[in-house]
Amino acid sequence: MAMAHLRIRSPDPPSRWHNHKIAFYRDVPEILHRLREAGVTVAVASRTHTPDLARQALGLLLVPPAAGHKAKGEAPTPAVRFFDHLQIYPGSKIRHFQELHKQTGLPYSEMLFFDDEHRNREVESLGVTFCLVQSGVNDRAFEHGIAEWRRRHPVEVAEDAAATSTVDSE
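The sequence shown: position 21 = 1225 (the numbering used here), numbered continuously.
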């Protein structure tokens, strides 16, 4: 499971967002396409006092076709379609992840969370891998998060397991 961030290019409060551009960070659309192609469950965990506005933004924000598909004339896709689960409401990220765990059945240890607020590291107490992205999600931050998740969850290759079994039985 992975999470993504929106960037709102406005110093104004939500009530004044008329005529302001709302966009993902530059690399996020391709990351979303890669996650979709890989069959990864993707969710939004947003602590906001304007959940309806956030959901509306995800419905209106268009993700361009994946690289290589633009020439085929594919239309942009509403961003909300890239997310399997939406946890958008005020409150602790702990609560967001508890709900995601209940909805998906995924162990916390399989979850990777990108966020720009250090205080949300609290989700690590559940076993979620947290990746602080102070300047937003880009390819480098995404790959760093994946590498950190893999470091915490090493996968034993089948050949290694067979070799270990042979050594253990001697």
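Note that beta-carbon positions come from the ideal geometry of N, C-alpha and C, so glycine has one too.
- According to DSSP, Pro-1282 shares a beta bridge with Leu-1266.
- In the displayed model, Phe-1287 falls within coil according to three-state DSSP, outside both helix and strand.
- In the three-state scheme derived from DSSP, where H, G and I count as helix and E and B as strand, Ala-1271 is classed as coil.
- DSSP lists no beta-bridge partner residue for Ser-1313.
- Of the candidates Ala-1279, Asn-1324, Thr-1252, the residue whose Cα lies closest to the Cα of Gln-1338 is Asn-1324.
- Look at Asp-1320 here: in three-state DSSP terms it is coil, with no helix or strand label.
- The C-alpha of Pro-1358 lies about 14 Å from the C-alpha of Met-1315.
- Under the three-state reduction of DSSP output, Thr-1252 falls in the coil class, being neither helix nor strand.
- The way I'd put it, the segment 1253–1265 doesn't touch the segment 1299–1311; fewer than three beta-carbon pairs between them come closer than 8 Å.
- Here Ala-1279 is exposed, its C-beta having fewer than 16 other C-beta atoms within 10 Å.
- Assigned with DSSP and collapsed to three states, Val-1332 falls in coil, not helix or strand.
- Residue state for Val-1327 is assigned as helix, using DSSP reduced to three classes.
- Taking the C-beta atoms as reference points, Ala-1242 is found no nearer than 8 Å to Ser-1250.
- With contacts defined by Cβ atoms closer than 8 Å, Asp-1319 and Leu-1336 form a contacting pair.
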